[in-house]
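Residue numbers (mature numbering (1 follows the signal peptide of the UniProt record, and there is no 0)): -24 to -1, 1 to 371.
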């Protein structure tokens, strides 16, 4: 026992000595500081871009050079600063709201934070991206609202903002699309089918805002179809159901988007692709459809991922697709892109809101629908989910 105690004390003593030596060595190595500024950058060359510019240069030869800094100010008074390491030979200045000339000051900075004398260059940025996106904006009346399209060829981070009058009559933003897509569109719904004033502007990540496009437009009429009139139509080729797992097609129209009242689930013998058929109870020009995934398995297992929606007014009795029209093809995309079983708050919010399928404006009126699943989230043969809601014009 005494021998073990002596060994333990010896190790503690040696550890303390090592720590003391290390700490002492640290204190003996203070950071190098001096008051000598490095030389300035030389040979600056400007290449102008849309709302930005690339400035190439030759850095000074000072051994303690740390980085090169660019300082500039836009006409709104906003100050910007860009830094690159000593190994770079160019830097990008951006965030310019227009095409006027701007002075940019370049500084070489050493490890002691001494800055060289400024070298000033003039940049002439091209038309900013947010303005180019604004020029590309187009819009059309949509069911229950408006559809806005845009092009963003450089895939920059921008926001497309839609304005209209709220319940108090104030002209305010009602929907904002944040995007980096090269081109895209978004719809704003739940608006009345009356002449409505709208505005659209584009904002970039520096807070620069385009002028506002103002116009009047009348949204197309739509209403949610009465779920109590919707019922299954059992045809020979429809997917075999698995009632022991949750329930039949009627569970998709029970008004409950959670698992509480059961859910649609196919049986053990179902194969991919698979489908079921429903009677809407009324002929309608459909505008959109939303489906709701089974809780606890968002973006996973047997929830539909790749689907087709077909319509007809006279389904073939043999269960074939003769006389059916493909109304929409849709692939569900997980917002975060995380692996199965890992969901961000954005994933959860999107799942709770429902997955939307939009039908083309020229789609024919139909009474019968087929929901065809080509692939689920697990590549398995089951399909299960909670609810479907459908909108359109029944007049």
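For glycine and all other residues, C-beta sits at the position ideal for the given N, C-alpha and C.
Residue environment, residue i, which counts as buried when at least 16 other CB atoms sit within 10 Å
i: residue 246; result: buried
i: residue 131; result: exposed
i: residue 241; result: buried
i: residue 302; result: exposed
i: residue -22; result: Annotation note: pLDDT 47 at residue -22 (below 50); position unreliable, coordinate value reported separately. It counts as exposed.
i: residue 314; result: exposed
i: residue 44; result: buried
i: residue 217; result: buried
i: residue 276; result: buried
i: residue 278; result: buried
i: residue 227; result: buried
i: residue 205; result: exposed
i: residue 210; result: exposed
i: residue 171; result: exposed
i: residue 92; result: buried
i: residue 359; result: buried
i: residue 212; result: exposed
i: residue 290; result: exposed
i: residue 76; result: exposed
i: residue 41; result: buried
i: residue 140; result: buried
i: residue 187; result: exposed
i: residue 82; result: buried
i: residue 129; result: exposed
i: residue 362; result: buried
i: residue 366; result: buried
i: residue 231; result: exposed
i: residue 157; result: exposed
i: residue 355; result: exposed
i: residue 244; result: exposed
i: residue 372; result: Look at the range of the chain in this structure, -24 to 371, and you will see that residue 372 is not part of it.
i: residue 298; result: exposed
i: residue 310; result: buried
i: residue 294; result: exposed
i: residue 321; result: exposed
i: residue 345; result: buried
i: residue 316; result: exposed
i: residue 195; result: buried
i: residue 272; result: exposed
i: residue 99; result: buried
i: residue 336; result: exposed
i: residue 145; result: exposed
Identified DSSP bridge partners for residue i
i: residue 366; result: 265
i: residue 122; result: 117 and 164
i: residue 345; result: 254 and 287
i: residue 331; result: 267
i: residue 31; result: 22 and 67
i: residue 355; result: Answer by DSSP bridge pairing: none, since residue 355 is not bridged.
i: residue 360; result: 241
i: residue 46; result: 58 and 82
i: residue 41; result: 86
i: residue 350; result: Answer is none; residue 350 lacks a bridge partner.
i: residue 217; result: 242
Nearest-angstrom Cβ-Cβ length linking residue i and residue j, presumed shorter than 8 Å
i: residue 349; j: residue 219; result: Going by Cβ atoms, the distance from residue 349 to residue 219 rounds to 18 Å, so no, they are not a contact pair.
i: residue 229; j: residue 122; result: Not really, about 29 Å apart at Cβ, beyond 8 Å.
i: residue 252; j: residue 292; result: In fact, because the Cβ distance is near 15 Å, the residues do not count as touching under 8 Å.
i: residue 79; j: residue 48; result: 7 Å
i: residue 174; j: residue 197; result: Residue 174 to residue 197, Cβ: 17 Å. No contact.
i: residue 201; j: residue 330; result: Not confirmed; about 15 Å, so no contact.
i: residue 88; j: residue 10; result: 5 Å
i: residue 58; j: residue 199; result: About 53 Å separates the two Cβ atoms, so there is no contact after all.
i: residue 17; j: residue 35; result: 6 Å
i: residue 138; j: residue 176; result: 6 Å
i: residue 148; j: residue 142; result: 5 Å
i: residue 342; j: residue 287; result: 3 Å
i: residue 378; j: residue 353; result: Given that the chain is displayed from residue -24 to residue 371, the structure contains no residue 378 and the question cannot be resolved.
i: residue 180; j: residue 254; result: The pair is not a contact, with the Cβ atoms about 45 Å apart (cut-off 8 Å).
i: residue 69; j: residue 28; result: 6 Å
i: residue 53; j: residue 182; result: About 13 Å separates the two Cβ atoms, so there is no contact after all.
i: residue 319; j: residue 274; result: 6 Å
i: residue 223; j: residue 239; result: 6 Å
i: residue 31; j: residue 97; result: 6 Å
i: residue 74; j: residue 125; result: Their Cβ separation, rounded to whole angstroms, is 25 Å, which puts residue 74 and residue 125 out of contact at 8 Å.
Residue i at chain E interface by Cβ criterion, 8 Å
i: residue 206; result: You won't find chain E in this structure, because it holds only one protein chain.
If we require 4 or more residues per run, which alpha helix (DSSP H) segments fall completely within the segment 243 to 309? none
Mind the definition here: the segment 265 to 280 touches the segment 153 to 167 only if three or more C-beta pairs lie below 8 Å; say whether that holds. no
Using a Cβ distance threshold of 8 Å, determine whether the segment 58 to 68 contacts the segment 111 to 130, with at least three qualifying pairs required. no
Which runs of the beta strand (DSSP E), 3 residues or longer, sit entirely within the segment 124 to 211? 134 to 141, 147 to 155, 159 to 164, 172 to 180, 189 to 193 and 207 to 209
Report yes or no: do three or more beta-carbon pairs, one from the segment 139 to 158 and one from the segment 100 to 108, lie closer than 8 Å? no
Would you mind listing the beta strand (DSSP E) stretches within the segment 52 to 127 that are 3+ residues and don't spill past its ends, in chain order? 55 to 61, 66 to 70, 78 to 86, 95 to 99, 114 to 118 and 121 to 127
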